[in-house]
Amino acid sequence: MLRFWEVALSLGVFGAVTFTLCVLWDLVFPGVAMTKIWEVLLPGFKGISWGSYFLGLGEVILFAIYTALVFVPTFNFFRVKAA
């Protein structure tokens, strides 16, 4: 049985690390930047700045919590049904 906070924290850390690496990639290789993709996927994200970084980081963590909120009960429901 999965527990909500374990999954939420795991997804949050994974998302935060991945988002941070992507922003660093944009800074190192601006010619192949993913900034336009982030602007579409993350509401309020506008270019590379500290404000946009922390806004995007917060949104990624909120998306991770939402994913855990939907996934954990669904997984546990079907796990009980299969047992």
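In the numbering used here, the protein residues as written are 87 to 169. From the three backbone atoms N, C-alpha and C, an ideal C-beta is built for every residue, glycine too. Just so it is clear, the structure is predicted and the values come from calculations on it, not from any experiment.
Check your understanding: Considering only C-alpha positions, which residue in the set Tyr-139, Ala-154, Val-156 is nearest to Thr-106?
Key -> Position 20 of the sequence shown holds residue 106. Minimum Cα distance to Thr-106 is reached at Tyr-139.
Review point. When the Cα atoms are used, what is the spatial distance from Ala-94 to Phe-115?
Key: To locate residue 94, count along the sequence shown from 1; it is residue 8. To locate residue 115, count along the sequence shown from 1; it is residue 29. Spanning the two alpha carbons is a distance of roughly 31 Å.
Check your understanding: Skipping 5 residues on each side, what residues in its chain have a beta carbon closer than 6 Å to that of Val-158?
Key -> On the sequence shown, residue 158 is found 72 positions in, with the first residue counted as 1. Once the five neighbours on either side are set aside, the close Cβ partners of Val-158 are Leu-88, Phe-90, Val-93.
Review point. Looking only at its own chain, which residues have a Cβ that is under 7 Å from the Cβ of Cys-108, when we skip the five neighbours before and after it?
Key: Position 22 of the sequence shown, counting from 1, holds the residue named residue 108. Counting only Cβ-Cβ distances below 7 Å, and skipping sequence neighbours, we find Met-120.
Exercise for review: Thinking Gly-101 and Ala-150 are a contact (beta carbons under 8 Å), I'd like their distance in whole angstroms, please.
Suggested key: On the sequence shown, residue 101 is found 15 positions in, with the first residue counted as 1. On the sequence shown, residue 150 is found 64 positions in, with the first residue counted as 1. Rounded, the Cβ-Cβ distance is 5 Å, consistent with contact.
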